[in-house]
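Each remark here refers to the structure printed beneath this line.
Numbering (our numbering), first residue to last: 5 to 145.
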């Protein structure tokens, strides 16, 4: 039986795929019934995506709007549950439409089972959506 992929390794691999703009491969890291939540999502934005297909639909056009260049020095913290990590990170790059810098700080609580993301709570700053060109899937703008 293969050794389970630690959540920290799967998360780092996912960051690499996002930087490579390989959204299909990133979505492939998800369990069929995985759930992605955005507790701070403003009105008009999704707060909960249920299932890999919903995550795929949400993320499909992300690289068309935000050109990520780096996740400098992510901090991945283990928890008392070996399946779950808490991540502090920044995503930096540029907004495709305007060329303006993109710099977002995130906290994520991520659970992995059987080598797949099953739960991903993304605490991002909704004020970043006020920047022209920052909107993408699920935006009311």
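Glycine residues also receive a C-beta, built at the ideal position from the N, C-alpha and C atoms.
query                                                                                                                                                                            : result
At which residues does the alpha helix (DSSP H) containing residue 56 begin and terminate?                                                                                       : 56-63
Do the stretch 76-90 and the stretch 40-59 make contact, defined as three or more Cβ pairs closer than 8 Å?                                                                      : no
Mind pulling the beta strand (DSSP E) runs of 3 or more residues that sit fully within the stretch 5-60?                                                                         : 34-41 and 52-54
Could you name each continuous beta strand (DSSP E) segment of 3 residues or more that falls completely within the stretch 63-105, going from the start of the chain to the end? : 70-74, 79-82 and 88-99
Please name the residue or residues paired with residue 107 in a DSSP beta bridge.                                                                                               : 96
Who are the Cβ neighbours of residue 144 in its own chain at under 6 Å, not counting the five residues just before and after it?                                                 : Low per-residue confidence applies at residue 144: pLDDT is 35, beneath 50, and the placement is therefore not dependable, though the value from the model is reported in the following sentence. Result list for residue 144: 48, in chain order.
Rounding to the nearest angstrom, what Cα-Cα distance links residue 105 and residue 95 in this structure?                                                                        : 11 Å
Is the distance from the Cβ of residue 83 to the Cβ of residue 90 below 8 Å?                                                                                                     : yes
How close, in whole Å, do the beta carbons of residue 53 and residue 39 come, if the pair is a contact with beta carbons under 8 Å?                                              : 7 Å
Under 8 Å by Cβ, that's how I've got residue 43 and residue 127 pegged, so tell me the actual separation to the nearest angstrom.                                                : 6 Å
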